[in-house]
Every structure is written in C-alpha cells, then in structure tokens.
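Heads up: the sequence lines are chains S and L, in that order. Using our numbering, you'd call the opening residue of the first sequence number 45 and step up by one each time. Using our numbering, you'd call the opening residue of the second sequence number 783 and step up by one each time. Idealized CB from N, CA, C, for every residue including glycine. A quick note: this is a predicted structure, and the numbers were derived from the prediction, not measured. Scroll down for the structure; my scribbles are underneath it.
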Amino acid sequence: MATKLPKTDAVIIGVGWAGGIIASELTKAGLKVVGIERGGDRKTEDYFMMHDELRYAQRHGMMQDLSKETVTFRNNEKMRALPMRRYGSFLLGDGVGGAGVHWNGQNFRFLPYDFEIRSKTIEKYGEGKIPKDMTIQDWGITYDEIEPYYDTYEKMAGISGEDNPLGGHRSNPFPTPPMKKTVNMKLFEEAAKKLGLNPYVQPSANLSEDYTNPDGISRVACQYCGFCERFGCEYGAKADPIVTVLPVAKETGNFELRPNSYVTRILHDGSGKATGVLYTDLNTGEEFEQPADIIVLTSYVFNNVRLLLLSELGKVYNPGDGTGAIGKNYAYQIRKGAATGFFDDKKFNMFAGAGGLGILLDDYNGDNFDHTDLDFIHGGMIIHQQTGQRPIGNNPVPSGTPSWGQEFKDASLKYTNATLKVSGEGASMSYKHHYLDLDPTYKDSFGDPLIRLTYDFEEQDRKLAKYLAGRCEEILIEMGADHVDTMQELEPYDVAVYQSTHNTGGVIMGADPETSAVNNYSQMWDVENLFVVGASSFPQNAGYNPTGTVGALSYRAAEGIVEYLKNSGGQLVNAKKETQNV
Amino acid sequence: MSNHDEKQLDANGSSRRKFLRNTGIAAGGVVVGGTLGGLLGMNDKNEPAESASTSKAVTHTENHNQALMFFTPEQFHITDAATERIFPKDNNGPGAKELLIGYYIDHQLAGGWGTGTTEYTSGPFFPGEPTQGYQGRLNRQQIFKIGLKGIQDYSQKTYQKSFPELTAEEQDAVLTEFADGNVSLSGPTSSHFFSELRAATLEGAYSDPLYGGNAGMAGWEMKNFPGHQMSYLDIIEEEFTEIKPLALNSQHNH
Ligand SMILES: Cc1cc2nc3c(=O)[nH]c(=O)nc-3n(C[C@H](O)[C@H](O)[C@H](O)COP(=O)(O)OP(=O)(O)OC[C@H]3O[C@@H](n4cnc5c(N)ncnc54)[C@H](O)[C@@H]3O)c2cc1C
Ligand code: SF4
C-alpha cells in the first residue's frame, strides 16, 4: 500500500530543463511545488574530476542506467523491436538537472516557417508537395507568439550570440556577445562569405563573459575546456538547471526536491482530471502517493509518452487510421549529411573548444531557399563545430585507410587536429508510421513495459541529407581542405550509432484536439490539470537543436499553469478544427 | 621528487594562476558555486609544492598497477600481443605494450564494463538486424574469454604456434581474419569480438593514466592532446599550439 502524502499545489515529474524552469516560475509565483526526480542530486563541486573522457564520454557516467530501463527499437512494423542494450544513437539524462547538465549548450530558436510548416508549404508549393504519409502539422502557435518566451529563456540562461541574418525577428539582442572565433571558424566564415552565404557564430549557453541574469544568478565565463558535451561544467559557465533555475526555486522556500524517486503512474479519477502521482523511493523501495492540483510531466520524450500510456491518459495513437494522439509523430534529426575535410599541412586547436562553440549558416534551412525544383521540403543548418576533440572518440582518417594497425595509427595521429567537419543538421519530418507505443515483450525494473520506437529514414531524409552533404563539401573545398570525404547515401537509421539526443514528438502540440495531445500551453486537451512539457510536443523537428524551444515552451507552460489556477480551471485555449494527412 | 613531477606541478600551478587571471576571479569578479571558491583557497594555501603526498611518491618506482585482476597469464599475453598489432610501436612513439594497454583492458574487464552492469541484459534474446545494435547474451568478460581462446586456437591450427610466438605478419593475418568475421566462435562473431578489442585498445592508449594505460601520458603526447587543462582561454583564438599534457592526478594530488 502506498503511503498517501499531504496534497501540494503542483508536482513535477522529472527535474531537468523543463521541470527546473517550471519549478522556478511556479515557486516564484508562490505555489508549493514538489519535484520528483529518479536520479540523484548534484552540484558543480562534484565535477572536480570531470575531465575524464573514458568515464563520462565513453562509459556515459552521467546517463540513465540502461539495465533498469531502456527503449526498444525497430525500423518498421514488420520488424521485431529489440531493446537498445547499450547506448548508441541518443543518450538519456538522469539525475537532478537531467540532460541539461551534460548537454553542449548549442542553443537555437526555430524559424517562423517551422511553426507553420504545413500551411506555409501548401501556400507556396501546393498540397502535392507533402507526401501522403507525411503527417506534419502546424504547432498551433506562431513564431511571433512564442518569441517573448524565447526571450525570457535566453535571458535566464545568458545565451551568447549574434544575429542570425536569416532568422526570425528578436525583440531584444542576445544577453551576452558571441563566443570567440577560432582560426578554423574564421576559415569557415571566409569560405561561406565567398560562396555568397550568411555565416554567423553559433548561439551558445556556454557564457562568452561573466553574466548575472534577471533572477540575480551570477555565472562566470566559459574556459573552452573541451570537456562539455556529456560532462558537467565545473565552472557553472554552461547554463544548466543546477546553476540557474533550481537555486531560484529553492530560494523561495516553496520547492521540495525529492531525488532518487521514480514515478510509475499518474493517478486520475473519473472526472477527467489527474489527482497526483505514484512513486517509489529508490533507496528504500517504499511507495508513495503525492496528490496535487497540477501535474507537470517533464520526464523527457520517451517517458512523457510512456507514463501517459501506462497511466491510460489521452487517446492512444493508432498508426492504422491515424486517430488518437499519444505516441504520434515521433521525429528525430538528420545529422548524417556531412563532409569531413583533411588538411595535410595545417593544424588547428581542435583539442580545445566548448559545447556551444561553432559557426553556421541557415541558407539551406527551413524555406530559406526555393524548393520548387527539389524533391524534399525543409533543409537544415550547416555548421562547423568546435566542441573539443577528445582522443578516444576522435580518430579521423581519410576513407580507404585501414581501421587498425600501423597505417591507421600513423594517419589518425597525423590528422588529429588537422581534420575539420562541416555537417548538416537536417530537419526531420513526421510520418504516419513513425511512433512510440508500449513494447509487448520487454520490461523495466518495475515490470512495466518499455517504450517501443518505430522509426526509419525516409526518401525525404535521404534526399535532404545528400543535398546538405553536397553543400558541406563545397564549403570545405573553399576552406582549402586537401581531401574531402562526403556522405554519399544515407543508410537506414541505426540505433547503435550516436547521432543526436534530439528525439521529438509523441505528445504533440496543436490547435485541434483531434490531431494533437496538448494545446500551446502544453496543457493536455483530455486532462486539463496535466501539462506535458518538452520536445515531446514538437509535431516534427526543425533543422536546429531542440532545447531553446523546450525552454520557451516551459516558460509558456508555467504562465499557463498560473493562469489556469487563477481561472479555477478550464482549457486555456479554444479548440480549432484543422485538416491533416491521415 | 623526480624532474617530471616537478614540471607537472609547475605547469599545474601556472595554469591555475592563468585561469584566475583570465576570469577576473582574483580581482573580485562574480563567483558561482563552491568550486571556484575552493580553487581560490587552494591557490592561496597549497602553493608550496612540498606536500606530503608528492614527497612520498619519490619512493614508488615500481608500478603496482601491473598485475592481473581478470585475465589468466595466457589471456594477458595474447591481449598484449594482439593490441600491439592494433596499435604498434612506430616512429610516432610507443605501442600498446609500452602504453600498458593490456593491463588497462584487464582492469576494465574486471569491473562493471566487463559484466555490463549498466546495459540492458534481460531476455528474450534474438539475433536482430544490424540497425538494432548488440543483441547477444554474453557480456564482455565472456566475449573476451571466447575471442582470446579463438585467437589461440586459430593460430595453433594454422601455424602450430601460439599467437604471441607468431611473426608480426602472421599475427596481422590472424587478426584480419577475425576483423573480417571469417572465424567462427561459439557465441560472438569474430568481428564483434575484434571491434571490442580494437575499441578497448584505443581507450587504453588515450584514457587518463589513472586507469592503468596511456603510461606516462605517452599516448596523449603522440596525439598532441593536453589531457586535463583548466582553461584554454589563452590559446583558443591562436594558431595550433602544443601544450604539455596533464593528467587528472594533477588536479587531485596537491
Ligand atoms: C550529450 C547530449 C548533448 C546535448 N546537447 C544539446 C545541445 O547542444 N543543444 C540542445 O538544444 N540540446 C542538446 N541536448 C538535448 C537536451 O539535453 C535536452 O533537449 C534537454 O535536456 C531536455 O530537457 P527535458 O527537461 O525535456 O529533459 P531532461 O533534461 O532529460 O530531464 C528529464 C528528467 O526526468 C527524469 N525522469 C525521467 N523519467 C522519470 C520518472 N519516471 N520519474 C522521475 N523522474 C524521471 C530524468 O531522470 C531527467 O532528469 C543534448 C543532450 C545530450 C544527451
Ligand atoms: S567548455 Fe566552457 S561551458 Fe563547457 S564545460 Fe568547459 S568551461 Fe564549462
């Protein structure tokens, strides 16, 4: 029997970026909030031995323990889904701060086109441009409507950057100036300009200079230490929930954090409202019920979907007829359209860098280029990054070089610090047959079904990746690389190869309850006091990293929650009827 | 104290001073968390290089880490020979043997990586498609035992010699057969075993010396990788700069 605890105003399931932002906003507004997090608590002082590639980058020292819980995967419905037994394609956060602790801090806003992709594509190219089984949707919110929330998020995190010449309008400049430009970034910039393109320094959540945010939180500048992605920042320079929003929540006295506690169900009664959560203290094995007026589900894409399905909340997506919403429109990122340039007599400081250090262009992103004669829609950014090339993970050799032995050793040493990559970050469209549901066979350590992922690259992705790879190659040649290896064909999606932790969809946002699960405040259409926040609400993915948009949506959700309580309930948005491909 | 140690301490101390100067912390800039405060404290108090732990190190010339936790001596010798072919000594510098990669792999296999403690190991097991990643029922301890025995058996069958006794060319020929998946093993494929061995070899060459490989940071030196440095603010905008590596020990052992 679960022990029933006293009721609280709001309970947050998973204390990462989304959970942390909402905790800070709600507690500032005077609400009592309980944050339940399956992993442990931590602080920057714990990161003193962080510069350890083996422990953190290779062995995934900060990630979710897959022996307890993983996802199962198949490329299509004809295949048997099997568990992801080891990490590969994406990495899952665990512990207070979530993946926000060990992210890179590459921080973007999506394009205005992204939020209205379906209508704008049809408007310009006609209905026929969207293949029949491609289920892209408008978000039910426009860029102009979300812009103020981007602004709030960026000020909180102290995002460093310069204007994107091809991006949406900004109501305010970046809170801090762009990161430093390295020699190779300058090479990219010059080459891109010669080609008539529009390069700009990557917006970054690694601070370019010391910064104090509107909440009064001060952080020091990034040291370009090269141990950023997959590592925690011992300086607190990288914006992460632990050095930004969580101290603010704690300071209010309204926040209670319960680490090492695993939520297994969202509880609800017959009235269409959620009543609280059921969780297990992982240290003692004791089970508790935490009642609350508001439930905030921020446990990342996979568990957002899984907890709704396990708790029987919302209408399950049916890939057969396209009805239902929970699990619908899983999308990802097309990261493989890329080229690698090898320099025979130039070296660069590639061992140094920062997670968010890089330079990019959006000339081939969104609808910034004409698609009339192209057989795909959207595109992606083209970027040259300098995140710090650590030696176990980076042994670049030109194609045709053996993968071991003296020749390999010699080439990998020669080209270390002499290899520059330019890559496409392709947008990922949603399809009727890409979705998440409960696995019929494999279980987690509580005996509950794992989430099952059905996903593969489509013709659209193959065309897009090849197109972007070609553009990357042109830039590298202009940069003076002596030898360029370019992706030729996009292979089927492989869950064992790291690509990006940019998983999206499953609890998507929209204007119509028939085709979406949440409204533009991340409030569930079917359960008005349940807010499901994260990249799970993206109806498809853009040609950018997701977290800037997750942050904006979190601020908007927090505003919606406060409004909801003020109104004493009800939907915050009126439903609209929309058309879509089914 | 050896010369080498002294240089390390110097480099460490000066990089810390540089860091403090660059961030303006010492001049009373903003401070976050306890880490930076802690650094400041250490910089003030622990500047003298003669701490108890460094002077004790003088007497330790033997490496007590060179002993086996997991392998039998035979398994170790096969690993030592095979990793030397994967990462041989050459004009660039030492190979697997001198870098102590065999010990690194032995020690790793003895722990959680060997038994797959953070991997999903529940059944049922099915072969799966190549896009579904490793689906075997064996952990790395088992895969290495089977694979190393396979190398030995194959060498005996083909050359009537044990693997470490073969010439370098013969060893390469054996390993190529394994890498190409041509040798049948009971359980893992030979190519999967080889890819684990290759990955572990690179880890042993380039991980922090605290794990037993990358002896004397010679792997990092060959690769111009500076290891653990507190800050690259000074060089991030500069042309390629060679920096003497530091290990995590330099951070820990004041
Ligand atoms: C290595 C890496 C690099 C990345 N780099 C970038 C980047 O440069 N730019 C970018 O935009 N994005 C990046 N990302 C993605 C970014 O980290 C995520 O978008 C972001 O953290 C998502 O925030 P979230 O709150 O939705 O989820 P998370 O931050 O993952 O937080 C979810 C939390 O919920 C907890 N949880 C899950 N299930 C339960 C349960 N049942 N009970 C209790 N708690 C639970 C988890 O432990 C976790 O702490 C990166 C991710 C990784 C892994
Ligand atoms: S690169 Fe910068 S932000 Fe990243 S961990 Fe190092 S100091 Fe922190």
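At a cut-off of 7 Å, the C-beta of I868 (chain L) has a neighbouring C-beta in chain S. In terms of CA proximity to F117 (chain S), S:T485 leads the group S:T485, S:I339, S:G468 and S:K453. Buried is the label assigned to T220 (chain S), since at least 16 other Cβ atoms lie within 10 Å of its Cβ.
In the structure shown, Q567 (chain S) falls within a strand segment according to DSSP collapsed to helix, strand and coil.
The beta carbon of Q246 (chain S) does not come within 7 Å of any beta carbon belonging to chain L, so the residue lies off that interface. Between the region 906-915 of chain L and the region 946-954 of chain L there are fewer than three inter-stretch CB-CB distances shorter than 8 Å, so the stretches are not counted as touching. DSSP places A602 (chain S) in the uninterrupted alpha helix (DSSP H) bounded by T591 to K610. The nearest non-hydrogen atom of ligand 1 is 6 Å or more from the C-beta of P484 (chain S).
When the five nearest sequence neighbours on each side are left out, the beta carbons in the same chain lying within less than 6 Å of the beta carbon of D259 (chain S) are those of V292, in order along the chain. For T52 (chain S), the secondary structure class from DSSP, reduced to helix, strand or coil, is strand.
Taking a C-beta cut-off of 8 Å against chain S, the contacting residues of the region 954-967 of chain L are D954, L957 and A961, listed in chain order.
Within chain L, the C-beta atoms nearer than 7 Å to that of E97 (chain S) come from S989, in chain order. With respect to V466 (chain S), L508 (chain S) sits apart: the two C-beta atoms are not nearer than 7 Å. Setting aside the 5 residues that flank it on each side, M999 (chain L) is surrounded in the same chain by P991, G1009, P1027 and A1029, each with a C-beta closer than 7 Å to its C-beta; the list follows chain order. When secondary structure is reduced to three states using DSSP, L574 (chain S) falls in the strand class. If you check each beta-carbon in the region 891-913 of chain L against every beta-carbon of chain S, the ones closer than 8 Å belong to W895, G898, T899, T900, E901, Y902, T903, S904, P906, F908, G910, E911, P912 and T913. Shown here, G211 (chain S) sits in coil according to DSSP, grouped into three states, outside any helix or strand. Annotation: the continuous alpha helix (DSSP H) that includes H859 (chain L) extends over P855 to I868.
Identification of residues in the region 1000-1018 of chain L having a C-beta nearer than 9 Å to some C-beta of chain S yields G1001, W1002, M1004, K1005, N1006, F1007, P1008, G1009, H1010, Q1011, M1012, S1013, Y1014, L1015, I1017 and I1018, given in sequence order. Residues of chain S whose Cβ lies closer than 9 Å to the Cβ of H1034 (chain L) are, in chain order, F92 and M93. A distance criterion of 6 Å places the beta-carbon of Y91 (chain S) beyond contact range of ligand 2, judged by its closest non-hydrogen atom.
Annotation for T463 (chain S): the continuous beta strand (DSSP E) segment containing it runs T463 to G470. For E331 (chain S), the pairing in a beta bridge is given by DSSP as S:T324.
At a cut-off of 7 Å, the C-beta of G994 (chain L) has no neighbouring C-beta in chain S.
In this structure, S:A396 is the residue among S:A396, S:P335 and S:I378 with its C-alpha nearest to the C-alpha of Y1014 (chain L).
Under the DSSP assignment, A375 (chain S) falls in the beta strand (DSSP E) whose first and last residues are K372 to A375. Membership of F299 (chain S) in the beta strand (DSSP E) is indicated by the continuous run F299 to R302. Residues of the region 914-930 of chain L that bring their beta carbon within less than 8 Å of a beta carbon in chain S comprise Q914, G915, Y916 and Q917, in sequence order. Contact between the region 575-592 of chain S and the region 330-348 of chain S is present: three or more C-beta pairs spanning the two stretches fall below 8 Å.
Scanning the region 201-257 of chain S for uninterrupted alpha helix (DSSP H) segments of 4 residues or longer gives 227-238, listed from N- to C-terminal end.
P870 (chain L) counts as buried, since at least 16 other C-beta atoms from the protein chains shown sit within 10 angstroms of its C-beta.
For the 7 Å CB-CB criterion, N242 (chain S) and P209 (chain S) form a contact.
Exposure of F490 (chain S) is indicated by the presence of fewer than 16 other C-beta atoms within 10 angstroms of its C-beta. Taking 6 Å as the cut-off, the C-beta of Q848 (chain L) does not count as close to any heavy atom of ligand 2. Within 10 angstroms of the beta-carbon of D158 (chain S) lie 16 or more other beta-carbons, which makes it buried. As summarised for the region 418-461 of chain S, the continuous alpha helix (DSSP H) elements at least 4 residues long and confined to that stretch are 450-459, given in chain order.
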